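Engineer:
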């Protein structure tokens, strides 16, 4: 069986770790930490962990644009 050449698209997840967000966005972990501290990147507290709130970040990005 021939391997598919279609790129694998990861499923959309509502939250992710800062490390994974760093890998996917190409921003350094230090930059992400700074953006979180300044409130530029929303986070969701889950127990003792604080995860990047991808769902809210996406909603804020779409809200700020003129989509027709």
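In full-length UniProt numbering, the protein residues as written are 1 to 68.
Every residue gets a Cβ at the ideal spot worked out from N, C-alpha and C, and that includes glycine.
Computed from a predicted model, the values in this text were never measured in an experiment.
For the candidate residues 33, 30 and 42, whose alpha-carbon lies nearest to that of residue 59?
Structural biologist: 42
Engineer: For residue 56, which of 47, 48, 19 and 39 has the nearest alpha-carbon?
Structural biologist: 39
Engineer: From residue 37 to residue 45, what distance separates their C-alpha atoms?
Structural biologist: 14 Å
Engineer: CB residue 18 to CB residue 32, shorter than 7 Å?
Structural biologist: yes
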